[in-house]
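In this note's numbering, each residue's number is its place in the sequence shown (first place is 1) plus 109.
A short write-up of the structure that comes next.
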Amino acid sequence: MSVQPTREQFRKKTEQGNLIPVWKEILADQETPVSAYERVRTFLREKNHTSHTWMLESVEGGEHIGRYSFIGGHPRTMIRARGTVTEITEGATTTRVTDTDPLDTLKAYMSRYKPVHEPALPRFTGGAVGFLGYDLISVFEPRVPVIQNDVIGNPDMVMMVTNAIILFDRVQHTMKIVANAYVEGDPDAAYDAALIEIDQLCEALQQPVGRVLIDAHRDVEPVVPDSNTTPDEFRAMVSKG
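This is how it looks when you write it as structure tokens:
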């Protein structure tokens with residue numbers, strides 16, 4: 110299985126930017142996005158039980174599953190925000206940014222990357238993947254007050270920047286294993302690091318995964334919601350606008 114681009118082509122692409130996709134394509138006739146994700150998740154968790162993973166499905170028209178599924182894990186950077194405090198964790202180093210819009214902090218961090226477009230790949234080949242919580246609405250709508258009584262304690266934003274992802278192609282029945290090589294100095298060192306990332310994901314995709322049959326119509330106990338406000342308190346908040 111050949112890797113694209115070649116080392117010489119990679120060196121040439123560094124003239125266009127500092128984030129260059131390196132990839133290998135393999136057949137996926139006997140795989141599904143979910144089984145591929147489970148293999149990657151299990152493999153990474155065995156190496157590091159705190160390893161984060163994710164899977165994105167593309168949808169067209171709101172109902173039909175799109176061509177690609179995207180699988181990633183083992184992020185090089187974790188970005189977490191609560192209120193106006195954002196923490197950026199890279200390896201064992203955490204940097205705290207205070208009194209700043211978390212989205213501005215995220216944008217400033219991502220500005221270091223100058224991606225090189227590759228026509229053979231879909232538009233999305235990596236970036237910051239995660240979630241924006243509802244309470245982050247105060248960033249978009251300053252009129253909305255920041256909730257002081259946080260009964261859950263979850264971050265308002267969590268983003269992961271991964272070194273490599275898997276692009277599952279339902280049309281071609283293939284998987285493209287893409288490592289985004291970040292060139293900070295020596296292009297050859299960045300290329301070699303990308304090859305290691307690709308080999309690691311190839312190894313993960315060869316791991317056995319246990320299969321558990323789940324009844325699609327099994328009986329479950331109803332969940333009774335536990336609200337943090339009374340009906341009267343909620344009506345008062347709605348009336349207040």
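Yeah, the Cβ is synthetic: ideal placement off N, Cα and C, and Gly gets one too.
| query | result |
| --- | --- |
| For threonine 338 and aspartate 328, what's the separation of their Cα atoms in angstroms? | 30 Å |
| Can you name the start and end residues of the beta strand (DSSP E) that aspartate 278 belongs to? | 273 to 278 |
| Where in the region 148 to 231 do unbroken runs of the beta strand (DSSP E), each at least 3 residues long, occur, reported from the N-terminal end onward? | 162 to 169, 173 to 182, 184 to 191, 194 to 199, 202 to 206 |
| Starting from glutamine 113, follow its DSSP beta bridges and name the residues at the other end. | Trp132 |
| Quick one: complete alpha helix (DSSP H) runs, 4+ long, within the region 230 to 257? | 246 to 249 |
| Between valine 267 and alanine 288, what straight-line distance do the alpha-carbon atoms span, to the nearest angstrom? | 22 Å |
| When you compare the CB positions of valine 131 and valine 112, do they come within less than 8 Å of one another, or not? | yes |
| Just tell me which of Pro340, Pro331, Asn272 has its CA closest to the CA of glutamine 309. | Asn272 |
| Does the region 202 to 213 come within contact of the region 149 to 156, defined as at least 3 CB pairs closer than 8 Å? | no |
| Could you tell me which of His173, Gly175, Phe179 sits nearest to tryptophan 163, measuring between CA atoms? | Phe179 |
| So alanine 313 is in the alpha helix (DSSP H); what residue range does that whole segment cover? | 296 to 314 |
| Using 10 angstroms around the beta-carbon of arginine 150, count the other beta-carbons present and answer buried if the total reaches 16, otherwise exposed. | buried |
| How is alanine 290 classed by DSSP in three states: helix, strand or coil? | strand |
| Leaving out five residues before and five after serine 160 in sequence, what residues of the same chain have Cβ atoms less than 7 Å from its Cβ? | Leu153, Arg154, Gly182, His183 |
| Identify which residue in Asp213, Ser167, Pro254 has its Cα closest to the Cα of arginine 232. | Ser167 |
| If you follow the alpha helix (DSSP H) that alanine 345 is in, where does it begin and where does it stop? | 340 to 349 |
| Going by DSSP in three states, valine 267 sits in which element: helix, strand or coil? | strand |
| When burial is assigned at 16 or more other CB atoms within 10 Å of the CB, is aspartate 341 buried or exposed? | exposed |
| Between threonine 186 and glutamate 196, is the Cβ-Cβ spacing less than 8 Å? | no |
| So, at 7 Å on beta carbons, what are the nonlocal neighbours of tyrosine 300 in its own chain, with the 5 sequence-adjacent residues on each side left out? | Arg116, Phe119, Val131, Ala290 |
| Rounded to the nearest angstrom, what separates proline 224 and asparagine 127 at their Cα positions? | 6 Å |
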